[in-house]
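Visitor:
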Amino acid sequence: MLPSLWPTKRLTNDADFNLDYFNLSLSNLPRSFDWQSKGVITAVKDQGPCGSCWAFSVTGNIEGLYAIKSGKLISLSEQELIDCDVVDKGCNGGLPINAFREIIRMGGLEPEDLYPYKAKNGTCHLVRSEIAVTIDDAVEIPRNETIMQAWVAQRGPISVGIDAELLAYYKSGILHPPRKLCPPSMINHGVLITGYGFEDGLPYWIIKNSWGAKWGEDGYFRLLRGKDVCGVRDLASSAIIN
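Numbering-wise (full-length UniProt numbering), the sequence shown opens with residue 1 and increments by one.
So this is what it looks like as structure tokens:
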């Protein structure tokens with residue numbers, strides 16, 4: 001979960017975002033795109049009873065970026081974030097942008113097989129010599145779903161927050177509830193945008209959840225794109241790997 005009592009306001013202004021700096025173009029974007037089909041997204045994981053969605057969103061982002069850059073897909077440790085991130089709250093929630101900065105402080109992430117998931121808060125036992133992936137920076141992506149679309153197609157998956165109350169009832173299809181049933185002001189769950197597409201004229205995001213592969217569409221769900229449904233554009237962020 002994302003901590004409801006914490007401020008979810010952004011740390012940077014959308015107006016300060018420079019498309020050219022990130023080599024982004026809003027022209028001729030592909031109609032559909034999916035990083036999962038390109039083999040750079042790890043298998044769907046299950047956070048269990050721990051409110052660690054934020055950690056899964058963050059590791060999924062970094063796993064994808066590292067695989068795009070290096071050609072190596074490594075499952076990274078959410079438990080390291082739960083145990084060693086001193087800003088976020090482990091199983092009681094966290095914010096992805098905080099977690100990215102904590103990863104920089106820690107020096108990187110160990111692979112999941114060396115620091116396995118326990119679904120509970122624990123004591124940090126990070127071994128720096130076992131770190132598999134480092135990141136150079138992190139960025140908050142503007143609250144603009146066209147820019148988000150360009151980022152996905154041209155750079156990689158995006159960590160986002162949403163109001164997840166209706167996900168308990170989701171089975172399949174494109175989720176597009178009325179705003180009053182899924183307000184952007186109630187963001188409480190971290191997930192990962194891995195792609196986007198169209199179906200029957202409806203644009204949608206492809207989103208990886210952390211509730212196991214038996215949930216939803218093989219662990220994924222689709223969300224209407226372009227209308228800030230459930231607050232999907234409001235806390236978008238990504239690591240930077242140079």
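For every residue, glycine included, the Cβ atom is placed at its ideal position computed from N, Cα and C.
1) The beta strand (DSSP E) that contains proline 203, what's its start and end?
2) If we ignore side chains and look at the alpha-carbon of each, how far apart do threonine 134 and isoleucine 241 end up?
3) Taking only runs of the alpha helix (DSSP H) that begin and end inside the region 62-99, which ones reach a length of at least 4 residues, in chain order?
4) Which of the three DSSP states, helix, strand or coil, is assigned to threonine 59?
5) Between isoleucine 139 and the rest of its own chain, which residues show a CB-CB distance below 7 Å, the 5 nearest in sequence each way excluded?
6) According to the neighbour-count rule (16 or more other Cβ atoms, all chains shown, within 10 Å of its Cβ), is threonine 146 buried or exposed?
7) Put serine 25 into one of helix, strand or coil per three-state DSSP.
8) Please classify lysine 214 as buried or exposed, where buried requires at least 16 other C-beta atoms within 10 Å of its C-beta.
9) Examine the Cβ distances between the region 161-180 and the region 25-44 and report whether three or more of them are shorter than 8 Å.
10) Could you compute how far the alpha carbon of aspartate 228 sits from the alpha carbon of lysine 69?
11) Can you list, in chain order, the residues of its chain whose CB lies under 7 Å from that of lysine 45, leaving out five sequence neighbours each side?
12) Output the distance between the C-alpha atoms of isoleucine 131 and glutamate 78, rounded to the nearest integer angstrom.
13) Quick one: grab the DSSP three-state call for valine 152.
14) How far does the beta strand (DSSP E) with glycine 195 in it extend, from its first residue to its last?
15) Classify arginine 105: buried if its beta carbon has 16 or more other beta carbons within 10 angstroms, exposed otherwise.
16) Closer than 6 Å by C-beta to cysteine 230: which residues in its own chain qualify, once you throw out the five before and the five after it? Chain order, please.
17) Below 8 Å between beta carbons: does that hold for cysteine 124 and cysteine 91?
18) Is the distance from the Cβ of glutamine 149 to the Cβ of leucine 24 below 8 Å?
19) Under 7 Å Cβ to Cβ from tyrosine 117, same chain only, skipping five residues before and after it: list those, please.
20) So, using beta-carbon positions, are proline 157 and isoleucine 41 closer together than 8 Å?
21) So, for phenylalanine 17: in the same chain, excluding its five sequence neighbours on each side, which residues have a beta-carbon less than 6 Å away from its beta-carbon?
22) Specify, as a first and last residue, the run of the beta strand (DSSP E) that valine 160 falls within.
23) Cα-Cα, which of Arg225, Gly212, His189 and Arg179 is closest to glutamate 199?
24) What does the alpha-carbon distance come out to for the pair aspartate 88 and serine 52?
Guide: In short:
1) Its beta strand (DSSP E) spans residues 202-208.
2) Near 8 Å, if we compare the C-alpha coordinates of isoleucine 241 and threonine 134.
3) The qualifying runs are 78-84.
4) Residue state, collapsed to three classes: helix.
5) What sits at residue 139 in the sequence shown is valine, not isoleucine. Counting only Cβ-Cβ distances below 7 Å, and skipping sequence neighbours, we find Ser237, Ser238 and Ile240.
6) Burial call: exposed.
7) Coil at serine 25, not helix or strand.
8) By the Cβ-count criterion, lysine 214 is exposed, with fewer than 16 other Cβ atoms from all chains shown falling within 10 Å of its own Cβ.
9) The region 161-180, when compared against the region 25-44, does not touch it at the 8 Å Cβ threshold.
10) Taking C-alpha positions only, aspartate 228 is separated from lysine 69 by approximately 29 Å.
11) Excluding sequence neighbours, lysine 45 sits near Phe56 and Ser210.
12) Rounded to whole angstroms, isoleucine 131 and glutamate 78 show a C-alpha spacing of 13 Å.
13) Here DSSP, grouped into helix, strand and coil, assigns valine 152 to helix.
14) Taken as a continuous stretch (DSSP letters only), the beta strand (DSSP E) holding glycine 195 covers 189-199.
15) Looking at its Cβ environment, which holds fewer than 16 other Cβ atoms inside 10 Å, arginine 105 is exposed.
16) Here the set comprises Ile162, Asp163 and Cys182.
17) Pairing cysteine 124 with cysteine 91 gives a Cβ-Cβ distance that is not under 8 Å.
18) The answer is no: Cβ separation not under 8 Å.
19) Only Glu78 and Gln79 meet the Cβ criterion.
20) The answer is yes: Cβ separation under 8 Å.
21) The answer, listed in chain order, is Pro142.
22) In the DSSP annotation of this structure, the continuous segment of the beta strand (DSSP E) that includes valine 160 starts and ends at 158-162.
23) Relative to glutamate 199, the option among Arg225, Gly212, His189 and Arg179 whose CA is nearest is Arg225.
24) Cα to Cα, the separation comes out at about 10 Å.
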